[in-house]
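Below is one structure, written out as structure tokens; the observations come after it.
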Amino acid sequence: MPEPSALPLFAASIDPGPSFADLLRTVAPHQLPSTASGGSTAGLDIPHGTTVVAVRSATGVIMAGDRRATAGYMIASRRIEKVFPADDYSGVSIAGAAGPAIEMVKLFQVQLEHYEKVQGDALSLEGKANQLGMLVRANLPAAMQGLAVVPLFAGYDTVRERGRVYSYDVTGGRYEELDFQAQGSGSIHARNWIKAAWREGMPADDVVALAITSLFAAADEDVATGGPDLVRRIFPTVAVIDADGYKALTDDEVETRSTALLQGPERGGRES
Amino acid sequence: MSMPFYVSPEQVMKDRADYARKGIARGRSLVAFECEPGVLIVAANDSRTLSKISEIYDRIAFGAVGKYNEFQMLRVAGVRHADMKGFSYSREDVSAKELANAYAQTLGQVFTHEMKPYEVELLVAEVGAPGTDDAEMYHVLYDGVVMDEQDYSVLGGNAEQISETLKEQYSRGMSLGDALKLGAKVLGDDAPLEASQLEVALLERSRPRRAFRKIKGDELASLLA
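Here the protein sequences line up with chains D and Y, keeping their order.
If you number the first sequence the way this note's numbering does, the last residue is 257 and the count never jumps.
If you number the second sequence the way this note's numbering does, the last residue is 235 and the count never jumps.
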């Protein structure tokens, strides 16, 4: 590793270009998110993030995630964040092993900003999606050991002027979704809920409500997904991405929208 | 064996310094001001695409005069240095002071050891968090000398003359428009430079994370009017 005070200068033939991951690989490979180190993590209770959704709206895209992380049957965290801004016009949300996932997001965020600063222009939305695919693929050895990370990527395409959603598999396969996708342990329930109610041209407000409801439904059916916690005031993370950029909703906004769920089906009461 | 002519170290250094200074003086100048919204950087630049001012990190900007390929390489090295530091430690641990020292080290090394010195002068500026009134400006010379400057900083061949004018006309807490007009005036030889001849960027203190933004197009024109 170079002296911390020395500037990283390269001869033209080995210059890593605008990729931050390549830069790290050249000068400080030990700082790259971990790859396989032999052995399996089976039997270790490692925190896992659970359910996240990304849904297209008339004006862009909405991303949302519950706040629970589980380690086996234990709740590892009840206030983890799984939805992050990737840059001004896109967001990334994660399901899977929480540690490597958060490392991956951190690297991805720096990767996008680094490209923009070195090159002078931001990557296209598709370019960003492909970059994330490469990071997921690089994590494959760790995934084989039980540390799989499967993100969702969504953003506003400033050229095509619409929201777009991408999903990934553990091998780095990248799939563009037409309208919405969910990932994580409660994803089947969340996705079905969205599928039943989603329609083309839905206003962003309605999609926010739908995303919150779908996470509530997932929490209803899946032990690893956390529902809104009214006692501690912990609510899902929700982000709206449109032509004005990435905007995370405040807890108060999500709370207001979540309490509407209390009027929904299967209200409290005793069976007699 | 033939002996090379003896040249005193003083003469070697002087020749190198003259060489670098001449190279820098061929280009146009750049000024930076502390002003009400943050730090304003104004460069005389006719090109729309080849930049002299750019973003390094959340609160840090870079400005340069001199030979384009040389400062471009130093700019990218600065971005890499800052991003790596922020990645391995924390975003808060990246500072303009440290970056200016890294530039000084590289420029000093090249000045004394390489065939030819870099023909560049650099500015590294930083603004504090929203709500503070902190600002720092470091001016790094071709030989690695670093100067910590207050109020304003001038880079380039005309620096002395421009500094003289600014000594009289600069005032603390200037508005963005006043600072910009002053910049356009001191950079122009006879008449103030026009929007098309300027490259302008602002480190805007009130912005939450990335403080850097370019001022161009209609906004630039209306501020100059």
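Beta carbons are placed, not taken as given, at the ideal position from N, Cα and C, and that holds for glycine.
Bounding residues of the alpha helix (DSSP H) (the contiguous stretch that carries residue i)
i: I60 of chain D; result: Element bounds for I60 of chain D: not the alpha helix (DSSP H) but the beta strand (DSSP E), M59 to S62.
i: T122 of chain Y; result: A106 to H123
i: A92 of chain Y; result: Y78 to S98
i: E41 of chain Y; result: The sequence given here has Val at residue 41 of chain Y, not Glu. Careful: V41 of chain Y lies outside any alpha helix (DSSP H), inside the beta strand (DSSP E) at L40 to C45.
i: K177 of chain Y; result: A169 to Q179
i: A267 of chain D; result: As displayed, chain D neither begins before -14 nor continues past 257, which places residue 267 of chain D out of reach and without an answer.
i: A231 of chain Y; result: G227 to L234
i: A114 of chain D; result: L110 to A123
i: A181 of chain D; result: S172 to A182
i: A194 of chain Y; result: L186 to L197
i: I34 of chain Y; result: P19 to A35
DSSP bridge partner residues for residue i (one or two, in chain order)
i: A39 of chain D; result: D:M48 and D:Q166
i: A233 of chain D; result: D:A224
i: D214 of chain D; result: D:I219
i: Y259 of chain Y; result: What the structure shows of chain Y is the stretch from 11 to 235, and residue 259 of chain Y is not part of that stretch, so it cannot be assessed.
i: Y141 of chain D; result: D:G148
i: P136 of chain D; result: D:I79
i: M147 of chain Y; result: Y:A135 and Y:E159
i: V130 of chain Y; result: Y:G76
i: M50 of chain Y; result: Rather than Met, the amino acid found at residue 50 of chain Y in this sequence is Leu. Its beta-bridge partners are Y:F43 and Y:L212.
i: R159 of chain D; result: D:Y153
i: V164 of chain Y; result: Y:V41
i: K224 of chain Y; result: Y:A211
i: T55 of chain D; result: D:H33 and D:I60
Beta carbon of residue i nearer than 8 angstroms to that of residue j
i: P140 of chain Y; j: S61 of chain Y; result: no
i: Y152 of chain Y; j: I34 of chain Y; result: yes
i: Y160 of chain D; j: Y151 of chain D; result: yes
i: L234 of chain Y; j: L190 of chain Y; result: yes
i: H99 of chain D; j: V104 of chain Y; result: no
i: I79 of chain D; j: A139 of chain D; result: no
i: R218 of chain D; j: E240 of chain D; result: yes
i: T55 of chain D; j: H33 of chain D; result: yes
i: V150 of chain Y; j: I172 of chain Y; result: no
i: A233 of chain D; j: T222 of chain D; result: yes
i: T36 of chain D; j: L132 of chain D; result: no
i: V156 of chain Y; j: N111 of chain Y; result: yes
i: A175 of chain D; j: V46 of chain D; result: no
i: V135 of chain D; j: V103 of chain D; result: no
i: E131 of chain Y; j: A106 of chain Y; result: no
i: V210 of chain Y; j: L230 of chain Y; result: yes
i: Q96 of chain D; j: F5 of chain D; result: yes
i: V137 of chain Y; j: A221 of chain Y; result: yes
i: G157 of chain D; j: V121 of chain D; result: yes
i: P3 of chain D; j: F(-5) of chain D; result: no
i: T116 of chain Y; j: L(-8) of chain D; result: yes
i: S42 of chain D; j: A189 of chain D; result: yes
Proximal chain C residues relative to residue i, where beta-carbon distance stays under 8 angstroms
i: P(-7) of chain D; result: Of the protein chains in the structure, D and Y, none is chain C.
Opening and closing residue of the beta strand (DSSP E) in which residue i lies
i: A(-3) of chain D; result: From DSSP, A(-3) of chain D is part of no beta strand (DSSP E); its letter is neither H nor E.
i: D72 of chain D; result: V68 to D72
i: M157 of chain Y; result: V156 to E159
i: E98 of chain D; result: Element bounds for E98 of chain D: not the beta strand (DSSP E) but the alpha helix (DSSP H), A83 to Q104.
i: T198 of chain D; result: Segment A189 to E206 is the alpha helix (DSSP H) holding T198 of chain D; no beta strand (DSSP E) there.
Closer than 7 angstroms: residue i CB and nearest the ligand FAD heavy atom
i: A86 of chain D; result: By its list of ligands, the structure shown contains no ligand whatsoever, and the ligand FAD lies outside what it can speak to.
Proximal residues, the stretch 56 to 88 of chain Y versus chain D, C-beta separation under 9 angstroms: Cβ proximity to chain D below 9 angstroms picks out T59, S61, S64, E65, I66, Y67, M83, L84, R85, V86, A87 and G88 from the stretch 56 to 88 of chain Y.
Members of the stretch 107 to 128 of chain Y that neighbour chain D once the beta carbon cut-off is set at 8 angstroms: E108, N111, A112, Y113, Q115 and T116
Residues from the stretch 95 to 115 of chain D in contact with chain Y, defined by Cβ distance under 8 angstroms: V95, E98, H99, K102, V103 and G105
Given 8 angstroms, three or more beta-carbon pairs between the stretch 164 to 175 of chain D and the stretch 201 to 213 of chain D: Yes, the stretch 164 to 175 of chain D is in contact with the stretch 201 to 213 of chain D.
Chain Y contacts from the stretch 7 to 31 of chain D (Cβ-Cβ distance under 8 angstroms): L8, L9, V12, A13 and Q16
Contact set between the stretch 12 to 28 of chain Y and chain D, restricted to residues whose Cβ is under 9 angstroms from the partner: none
Stretch pair the stretch 101 to 118 of chain D + the stretch 46 to 57 of chain D: three plus CB contacts closer than 8 angstroms: no
Inter-stretch contact (C-beta, 8 angstroms, three-pair minimum) for the stretch 193 to 210 of chain Y and the stretch 76 to 92 of chain Y: As far as the Cβ criterion goes, the stretch 193 to 210 of chain Y does not touch the stretch 76 to 92 of chain Y, which means the pair count is below three.
At least 3 beta-carbon pairs within less than 8 angstroms: the stretch 116 to 131 of chain Y vs the stretch 23 to 32 of chain Y: Because the criterion of three Cβ pairs below 8 angstroms is met, the stretch 116 to 131 of chain Y and the stretch 23 to 32 of chain Y touch.
Cβ-based contacts, 7 angstroms cut-off: residues of the stretch 61 to 79 of chain D near chain Y: none
Inter-stretch contact (C-beta, 8 angstroms, three-pair minimum) for the stretch 50 to 68 of chain Y and the stretch 92 to 103 of chain Y: With a cut-off of 8 angstroms, the stretch 92 to 103 of chain Y and the stretch 50 to 68 of chain Y count as touching, because enough Cβ pairs lie within range.
Members of the stretch 162 to 178 of chain D near chain Y, C-beta cut-off 8 angstroms: none
Positions along the stretch 180 to 213 of chain Y whose CB lies within less than 8 angstroms of some CB in chain D: none
Cβ pair count under 8 angstroms reaching 3, the stretch 45 to 59 of chain Y against the stretch 214 to 229 of chain Y: Segment contact: the stretch 45 to 59 of chain Y against the stretch 214 to 229 of chain Y, three or more CB-CB distances shorter than 8 angstroms; contact assigned.
Where the stretch -6 to 5 of chain D meets chain Y: residues whose CB sits under 7 angstroms from a CB there: L(-6) and F5
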